[in-house]
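The next block holds one structure in the form of structure tokens; read it before the comments.
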Amino acid sequence: MFPLFRALTLLFATASPGAAQHGLIYFSVPRSELEGQVHAVPQTDAARFTHLQESFITLGCRGGHMEEQIVHGRHQAKGKNLICTLPGTTPDTIVIAAHYQLEGHGQSVVDDWSGAMLLPFLFEALQAQQRDHTFVFVEAWNSQGASAWMHSRTKQQQRSIQSMIDLNALGLGDTSYFSPSFISPSPQLATLHLQEVLGLAAEVDGTQKKLPQPVDPTLWLRTDDTESFRSVSIPAILIHSVSINQYRLPGSSQDIPSAIDPNAYYRSYRLLCAFLIELDNFASHLDETESNWLRSARNGSPVHPSASMSPH
């Protein structure tokens, strides 16, 4: 489907001043490959699903680790979720989701092929290093997809979800985030800690022009994949790149491949690789209240230094 040339990326970081260094290892893809994939956007939901499925298979998700789920939408519409699971050493789970359906007046590249197309490459990236958490990648169909997957989980499976990351509208510029508020204090604290880990990942990566900033997506966001997770108090964060001056672009006639800035898209990919690896070390500690939270959480969750030299 596409050439498999991979570099093994190794980054070093400290959780806080005075803390020991730790290494982040992941398989990275060339920028040109990412650019080609996000620009080659299929123009039907079925073609998008097939493209994503083939990408996951090519990048190592096969057999029992891949699942299809029928989703029933409004007005008797029907589509499919695509789910790929990357097992860890524990059942504690981190969910990464994006919706892939074609919508709006353009080619639906920014919203949200840009998020959906990153999931297979993030799946591949994480295979370079042993993981504590199980990572579940959900390619969601329509506004009902993420909710349908969530409600198909048992109560025990829902309780095992440590955090949820939603990807949408990437590649317009610098990476931003949004974390909706919770009423109860525990998930609110955990969500703030999610933001801290994202900031740490940006510092570790070293390719970001600036640290991710909070930007409210209310004016443009049509599909909130975090809602069904937040409703059961699972910490969730939306990662996007829409500035306050670009809110009219997602879903408009200008939502076409040329709207994607390849350099910005690649920086978001790099940041997300580092974020997910860091989150593997911190996710089980998100609701803790220590004053120097990053350092204490790091001390309670050792990094696994071993790495496989083959992604498949």
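In full-length UniProt numbering, the protein residues as written are 1 to 312. Just so it is clear, CB atoms sit at the ideal spot from N, CA and C, and this is done for glycine as well.
Would you report the Cα separation of residue i and residue j, rounded to the nearest angstrom?
i	j	result
L272	L82	20 Å
V41	R153	31 Å
I94	A274	14 Å
R31	V110	17 Å
Q107	Y100	12 Å
I183	T191	Model confidence at I183 stands at a pLDDT of 48, short of 50, so the residue's coordinates are unreliable and nothing is read from them.
H285	H105	42 Å
E68	K80	6 Å
Q43	I96	23 Å
Y266	G171	8 Å
A125	Y26	5 Å
Y220	P250	As written in the sequence, residue 220 is Trp, which differs from the Tyr given in the question. Roughly 7 Å separates the two Cα atoms.
Could you please give me the residues that DSSP links to residue i through a beta bridge?
i	result
D166	A97, L238
V215	DSSP output for V215 lists no bridge partner at all.
T134	T93
H72	K78
F178	L238
Y26	T9
Q188	Note: Q188 sits in no beta bridge, so no partner.
residue 327	An answer regarding residue 327 cannot be provided, because it is not within the stretch 1 to 312 covered by the chain.
E139	L82, A98
I161	T93
Q127	In DSSP, Q127 forms no bridge with anything.
My output table needs one value for residue i: the three-state DSSP class, helix, strand or coil.
i	result
M150	helix
I183	Residue confidence is low: I183 scores 48 on pLDDT, short of 50, so the model does not pin down where it sits. Its coordinate-derived value is still stated next. Here I183 sits in coil by DSSP.
T289	coil
I277	helix
Q144	coil
residue 313	Coverage of the chain is limited to positions 1 through 312, which leaves residue 313 absent and any answer about it impossible.
L122	helix
L102	coil
L8	strand
S308	Interpretation of S308 is limited by its pLDDT of 30, a score under 50 that renders its predicted location unreliable; the figure taken from the coordinates is listed afterwards. Looking at S308 - three-state DSSP - the assignment turns out to be coil, as it is neither helix nor strand.
Q208	coil
I198	A quick correction: the sequence has Leu, not Ile, at residue 198. DSSP places L198 in helix when its eight states are reduced to three.
Along the chain, where does the beta strand (DSSP E) containing residue i start, and where does it finish?
i	result
C84	78–86
Could you give the residue range of the alpha helix (DSSP H) that holds residue i?
i	result
H51	45–58
S108	S108 -> no alpha helix (DSSP H), and no H or E assigned at all.
L249	No alpha helix (DSSP H) contains L249, which DSSP labels as neither H nor E.
S228	227–230
Shorter than 9 Å from the beta carbon of residue i to some beta carbon of chain D?
i	result
Q101	Looking for chain D here will not work: only one protein chain is present.
Cβ contact (3+ pairs, closer than 8 Å) linking the stretch 235–242 and the stretch 83–91: Here the stretch 235–242 makes no contact with the stretch 83–91; the two share fewer than three CB pairs at distances below 8 Å.
contact_flag[the stretch 208–216, the stretch 161–170] where n(CB pairs < 8 Å) is 3 or more: no
Stretch-stretch touch, CB-based, cutoff 8 Å, three pairs: the stretch 55–74 with the stretch 139–154: yes
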